[in-house]
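Structure, as structure tokens:
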Amino acid sequence: MTGAERLMAACRGQSVDATPVWFMRQSGGSLPAYLAMREHHSVLEIARSPELCAEVTVGAAEALGTDGAVLFADIMLPVEAMGVALTLTATGPVIERPIRTAADVAALRPIDPVADLGFVLDAIRLAREALGGRAALIGLAGGPFTVAAYLIEGGPSRDQMAARRLALAEPELWTALMDRLTEATVAYVTAQVGAGAEVIQLFDSWAGNLAAPDYDRLVAPWSMRILDAVQTAGAPVIHYAANGANLL
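Per our numbering, the very first residue in the sequence shown carries number 20; after that it's consecutive.
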């Protein structure tokens with residue numbers, strides 16, 4: 020089996036000749052080619068350049084021999100397209116004006132994936148062609164809780180307490196924010212599948228910090244809308260939440 024065949028078969032619950040492998044953040048960190056590129060380009064510059072993004076995505080899979088090639092992209096790209104001013108730092112995104120009011124949520128504009136994030140779709144097309152079936156191309160998007168928490172907290176947070184307080188104290192505002200983010204994410208992942216992403220991984224990195232009842236009430240309905248949209252578009256999904264065993 021090729022790497023792509025192996026990963027896709029596993030996603031469908033079919034027999035494989037070996038366990039398919041890919042790594043979180045496999046495109047960066049320790050790879051010399053990526054580190055050399057970073058001497059001249061920021062993360063966002065690479066993500067916004069279809070050629071550079073495809074080069075990093077494909078190069079990592081080939082260097083590591085993985086069955087999956089994870090698209091080099093940041094989970095906050097759709098949020099930026101929605102009008103949010105942010106800066107990427109070494110520890111994560113920093114939001115210029117955190118979400119506080121219903122007016123802040125209303126100001127988040129709907130996205131057009133082709134017009135606003137066409138560079139991502141172009142990178143997917145280039146990477147898919149370059150991979151030639153050797154590895155499956157894994158598109159990605161941020162999960163609704165993690166992205167909402169960044170927007171409310173204003174940056175990285177150990178406990179996401181501001182987001183939790185808002186969700187419990189202002190349920191209508193929380194629902195409006197989650198609806199707006201989910202609509203954008205559904206459009207984004209659907210476009211990724213249309214461009215050639217074979218699998219979509221939903222990164223809800225902080226969701227595992229929630230108790231299961233809170234997750235079921237405050238996050239799961241929106242996550243399911245995104246996951247269902249990916250499957251409707253014809254691709255399998257990988258759902259990631261760090262320390263999320265309590266949610267199973």
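From the three backbone atoms N, C-alpha and C, an ideal C-beta is built for every residue, glycine too.
In the structure shown, leucine 192 falls within a helical segment according to DSSP collapsed to helix, strand and coil.
Put simply, the backbone Cα of valine 212 is about 19 Å away from that of glutamate 70. In the DSSP assignment, glutamine 220 falls within the beta strand (DSSP E) that extends over 218-222. By DSSP's assignment, alanine 160 forms a beta bridge with Leu221.
Secondary structure of leucine 50 (DSSP, three-state): coil. Note that the C-beta distance between valine 218 and isoleucine 157 is below 8 Å. Selection Leu136, Thr204, Gly22, Gly174 evaluated against valine 77 yields Gly22 as nearest (Cα-Cα). The continuous alpha helix (DSSP H) containing isoleucine 143 extends over residues 132-150. Counted as a single uninterrupted DSSP element, the stretch harbouring leucine 107 is not any alpha helix (DSSP H) but the beta strand (DSSP E) occupying residues 105-108.
Here the alpha carbon of glycine 84 sits roughly 11 Å from the alpha carbon of glutamine 45.
Counted as a single uninterrupted DSSP element, the stretch harbouring glycine 111 is not any alpha helix (DSSP H) but the beta strand (DSSP E) occupying residues 111-114. With respect to the C-alpha of valine 133, the residue from Ala100, Thr120, Ala121 having the closest C-alpha is Ala100. A contact is defined here as three or more CB-CB pairs under 8 Å, and the stretch 223-230 meets this definition with respect to the stretch 257-266.
Here alanine 206 has Ile130, Pro132 as same chain residues with Cβ atoms under 7 Å from its own Cβ, once five neighbours each way along the sequence are excluded. For methionine 180 and leucine 200, the gap between their C-alpha atoms comes out near 19 Å.
The three-state secondary structure of valine 89, taken from DSSP, is strand.
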